[in-house]
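*Asks:* What follows is a structure written as structure tokens; I'll ask about it next.
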Amino acid sequence: MSRQVSLRPWQRDALDAFTRRRSDSFLAVACPGAGKTTFALAACRQFLGGEPRPVVVVVPTQHLKHQWTEAAARFGIHLDPEWTERSGLVADMHGIVTTYAQVAMSAGALAVIVRNGVVVLDEIHHAADERSWGDGVKLAFAPAACRLLLSGTPFRSDDSPIPFVGYSFGDYGDAIADYEYGYGEALADGGVVRPVFFPRFDGHMEWRGADGEEHSATFNDEVTHDKWGGRLRTALSIDGEWLPTVVMRAHERLMEIRKTHVEAGGLIIATDQEHARGIVKLLKRFHRVDARLALSDDPKASQVIAQFADSIEPWIVAVRMISEGVDIPRLRVGVYATTTVTPMFFRQAVGRIARWTPGQRSQRAYLFLPDDPRLRVHALGIAQSRRHSIELRIRRREAEEGEFDEYLGAERSEEQQLSLFAALSSTVVDAGGSSSDGVDPTEDVVLEPGDLRSFTIDLPPPPPLPGRVGDLEGVGPVRSRHGEKKRLRDRNASLVADLARVAGLGHRAINGELNRLAGIVRIDDATVPQLARRATEASKWLDDPASFVVGRAPAPVSRADRRATPVIDLQDDRDADHPGASGAVEPVVVDATDVSSRLAALRRTLGTSAP
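Okay, here's the thing in structure tokens:
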């Protein structure tokens, strides 16, 4: 594959900083959507230098394992997302992708795998989610020659310091990044992230507290901190008017965007699973939209997200499944309908709708919010970065062209001021004011061709497989080796099922013979060429069933022919997985020469000289 890669300016600068590092650990903080994965994989190639060293990637969720697998394959690095401690490292893989939860359970095994290699710890702040996760990370990856830590937002430690991270006050305070690339810088560069705007909605909420007392307040009222949670939960209730009204406004905005960006989508982040299901019903009832629902306890959640990402469906509802790392670039509108108000979670939610996609010069995004004081502070901080970055772009453009109008004249779309809505019981009250973050009709990032700066650099070649089989030809860099294996395994399973029907044999006998022909000892350890060879043998058998001696002594043939003819012992062929797959049959008469050749092959496979 090509040894050249095109990097954004920040990725090139971060790679330079990584190359000059003086420590075994390197923390890169880059805003969501900036391209951390590309930087990390380029850094891995740089570190490996074409040498067969192991690569381990750790991610927060199961869904991200497959995203990293596909991305790494494009860099010629093949990772196994289905690794377990029992399975070990498969022969034709450079490494594995695992989760922080798995690290806590398999730290000892990972410490052996990663020795002298590189580990990428994606969204490293998750190592503090559980004490066992942080302990597992420290034990598993202390032996690594290089540790690349990634985060989408700055973070701090108040309780449990994360291994391999430096802090401003010993083990506490703000994490110290070796390289940092913020939202404002990305917006100023152009073609990296979208300008995100925050329509905020006030309301009048009435609720009964845990003490049995009734309370009422708007988001602008001064209330004690212990009432903030009840006020926000009341606003987000499915049974009130506030949430349906905000969802209606968000849906209207999305439909307007889809007039020019047909595939644009929206995300609603719910408080919990019951809340998420209620929002799906709300969209169906009021807007006749069948929204996708992604819940963490649904085994098909990753598939739901992937299908939504590749579709033009308008809405998906989730709790935390899409809060971090999940790549759905077509998202342009969000509704923040969760009671989680931490700065980190908020920035992660913003990151889901902030990723720039090629093909459009202007791509505003909108996150609809409760006007809760905590969320207001988060939103205004990002809005300030947005305004500053746009001012910087204007100054750059004026310096280069001397004409401010050329920059902003390309798009003067109207920006209607959003009205304030208050929810009181089941009555919506229009307060008639403005709840935006000060959106200016001319405030936008309009991408010009010259903004798309990139740098092409040379990387070392992809590493050979570490001390196992040579790198495989014919497996393109776009398709991951894991994906190719899955395709071949499915193909083999289909062929075996066909053979069982045609030849009247049991699955165990067929699988055993095909494994022998392909040189496979354990199917989990089979390489891509072995699986392809196995499928070829099965196809040949299916095309000419008579070429295999089935169920009775073969007709007289020469010894050479007999060696080339697969002979299957069908005695006691039935197994628990396929009861009744075959009836009682006569044992096969097997030539002694054939038995000797099989034993010799088995010795070679096992590497033993046993008689």
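In terms of numbering that gives the first Met the number 0, the sequence shown opens at residue 0 and continues consecutively.
Even glycine gets a Cβ: it sits at the ideal position worked out from N, Cα and C.
Because the structure is a prediction, the values reported are computed rather than measured.
(1) Answer yes or no: do Trp628 and Gly350 have a C-beta to C-beta separation smaller than 8 Å?
(2) How is Trp540 classed by DSSP in three states: helix, strand or coil?
(3) If you count every other CB in all the chains shown that lies within 10 Å of the CB of Glu359, and 16 or more means buried, which is it?
(4) Per DSSP, what are the beta-bridge partners of Glu213 in this structure?
(5) For a test of the three-state rule: what should DSSP assign to Ser105, helix, strand or coil?
(6) So if DSSP puts Tyr180 in a beta bridge, which residue, or which two residues, is it bridged to?
(7) Once you ignore the five residues that flank Ser86 on each side, which residues in its own chain have a CB closer than 6 Å to its CB?
(8) Measure the alpha-carbon distance for Val58 versus Thr36 and round it to whole angstroms.
(9) By DSSP, does Arg11 sit in helix, in strand, or in coil?
(10) Can Ile352 and Arg331 be called in contact, C-beta distance under 8 Å?
(11) CB Tyr365 to CB Ala348, shorter than 8 Å?
(12) Looking at Arg199: is its Cβ nearer than 8 Å to the Cβ of Leu368?
(13) Can you tell me whether Ser310 is buried or exposed, with buried defined as 16 or more other CB within 10 angstroms of its CB?
(14) Which residue from Val279, Ala27 and Ala127 puts its Cα closest to that of Leu294?
(15) Who does Cys145 pair with in a DSSP beta bridge?
(16) Within the same chain, show all residues whose beta-carbon is closer than 7 Å to that of Ala70, passing over the 5 residues directly before and after it, in chain order.
(17) What does a CB cutoff of less than 6 Å around Ser105 pick up in its chain, not counting 5 residues either side in sequence?
(18) Under 8 Å between the Cβ atoms of Val318 and Leu282?
(19) When burial is assigned at 16 or more other CB atoms within 10 Å of the CB, is Tyr180 buried or exposed?
(20) Using 8 Å for Cβ pairs, my map puts Glu536 next to Leu516. What's the rounded Cβ distance?
(21) For the alpha helix (DSSP H) holding Pro243, just list the boundary residues, first then last.
(22) So, using beta-carbon positions, are Tyr171 and Pro153 closer together than 8 Å?
(23) Kindly indicate the opening and closing residues of the beta strand (DSSP E) around Thr98.
(24) Would you identify the three-state DSSP class for Ala3, choosing helix, strand or coil?
(25) Comparing alpha-carbon positions, which option in Pro372, Ala263, Asp271 and Gly183 lies nearest Glu221?
(26) For a test of your reading of the model: does the CB of Pro462 fall under 7 Å from any non-hydrogen atom of the ligand SAM? Yes or no.
(27) Quick check on this structure: which residue in Val4, Asp370, Asn115 and Arg385 has the alpha carbon closest to the alpha carbon of Pro194?
(28) Buried or exposed: where does Arg7 fall if 16 or more other Cβ atoms within 10 Å of its Cβ makes it buried?
(29) For Gly277, which residues from the same chain have a beta carbon less than 6 Å from its beta carbon, with the 5 sequence-adjacent residues on both sides left out?
(30) With distances taken from CA atoms, which of Gly133, Asp12 and Ala29 is nearest Ser150?
*Replies:* Walking through what the data contain:
(1) Because the chain spans 0 through 610 in this model, residue 628 falls outside it and cannot be assessed.
(2) As a working mapping, residue 540 is identified with position 541 in the sequence shown. Helix at Trp540.
(3) Here the question's residue 359 lines up with position 360 in the sequence shown. The sequence shown places Gln at residue 359, not Glu. When all chains shown are included, Gln359 counts as exposed.
(4) On the sequence shown, residue 213 is found 214 positions in, with the first residue counted as 1. BP columns for Glu213 point to Arg207.
(5) In the sequence shown, the residue the question calls residue 105 occupies position 106. The answer is coil: DSSP assigns Ser105 none of H, G, I, E or B.
(6) Here residue 180 is taken as the residue at index 181 of the sequence shown, counted from 1. Answer by DSSP bridge pairing, in chain order: Ala29.
(7) Looking up residue 86 in the sequence shown gives position 87. Counting only Cβ-Cβ distances below 6 Å, and skipping sequence neighbours, we find Asp523.
(8) The sequence position of residue 58 within the sequence shown is 59, counting from 1. The sequence position of residue 36 within the sequence shown is 37, counting from 1. Approximately 11 Å, taken between the alpha carbons.
(9) Working through the sequence shown from its first residue, we reach residue 11 at position 12. If DSSP states are grouped into helix, strand and coil, Arg11 belongs with the helices.
(10) Looking up residue 352 in the sequence shown gives position 353. Looking up residue 331 in the sequence shown gives position 332. Yes. Within cutoff.
(11) Counting from one through the sequence shown, the residue named residue 365 turns up at place 366. Counting from one through the sequence shown, the residue named residue 348 turns up at place 349. Result no, Cβ atoms of Tyr365 and Ala348 do not sit closer than 8 Å.
(12) By 1-based counting over the sequence shown, the position of residue 199 is 200. By 1-based counting over the sequence shown, the position of residue 368 is 369. Result yes, Cβ atoms of Arg199 and Leu368 sit closer than 8 Å.
(13) For the purposes of this step, residue 310 is identified with residue 311 of the sequence shown, where counting begins at 1. It is exposed - the Cβ of Ser310 has fewer than 16 other Cβ atoms within 10 Å.
(14) Here the question's residue 294 lines up with position 295 in the sequence shown. The option with the nearest alpha carbon to Leu294 is Val279.
(15) What you label residue 145 is simply residue 146 of the sequence shown in a count that begins at 1. In the DSSP output, where bridge partners are listed per residue, Cys145 has Val117.
(16) Here residue 70 is taken as the residue at index 71 of the sequence shown, counted from 1. Closer than 7 Å at Cβ, skipping near neighbours: Thr36 and Leu40.
(17) Within the sequence shown, the letter at position 106 stands for residue 105. Within the same chain, Ser105 has close Cβ partners Glu84.
(18) For the purposes of this step, residue 318 is taken as residue 319 along the sequence shown, with counting starting at 1. For the purposes of this step, residue 282 is taken as residue 283 along the sequence shown, with counting starting at 1. No, the pair does not count as a contact, with Cβ atoms beyond the cut-off.
(19) Counting from one through the sequence shown, the residue named residue 180 turns up at place 181. Tyr180 is buried by the Cβ-count criterion.
(20) Translated into positions along the sequence shown, residue 536 becomes position 537. Translated into positions along the sequence shown, residue 516 becomes position 517. Right, the Cβ-Cβ distance comes to about 4 Å (below 8 Å), so this counts as a contact.
(21) In the sequence shown, counting from the first residue as 1, residue 243 sits at position 244. Where Pro243 is concerned, the enclosing alpha helix (DSSP H) stretches over Trp241 to Ile256.
(22) Here residue 171 is taken as the residue at index 172 of the sequence shown, counted from 1. Here residue 153 is taken as the residue at index 154 of the sequence shown, counted from 1. No. Outside cutoff.
(23) Position 99 of the sequence shown, counted from the start, is the residue given in the question as residue 98. From DSSP, the beta strand (DSSP E) with Thr98 extends over Gly94 to Thr98.
(24) Numbered from its first residue, the sequence shown carries residue 3 at position 4. Here residue 3 is Gln; the residue named in the question, Ala, does not match the sequence. The answer is strand: DSSP assigns Gln3 an E or B state.
(25) What you label residue 221 is simply residue 222 of the sequence shown in a count that begins at 1. Minimum Cα distance to Glu221 is reached at Pro372.
(26) With respect to small molecules bound, the structure shown includes none, and the ligand SAM cannot be examined in it.
(27) As a first step, residue 194 is located in the sequence shown; it is residue number 195 there, counting from the start. Of Val4, Asp370, Asn115 and Arg385, the residue nearest in Cα terms is Arg385.
(28) Along the sequence shown, read from residue 1 onward, the residue named residue 7 stands at position 8. Classification of Arg7: buried, given that the 10 Å Cβ count is 16 or more.
(29) In the sequence shown, counting from the first residue as 1, residue 277 sits at position 278. Here the set comprises Ile237.
(30) Numbered from 1 along the sequence shown, position 151 holds the residue referred to as residue 150. The shortest Cα separation from Ser150 among Gly133, Asp12 and Ala29 belongs to Ala29.
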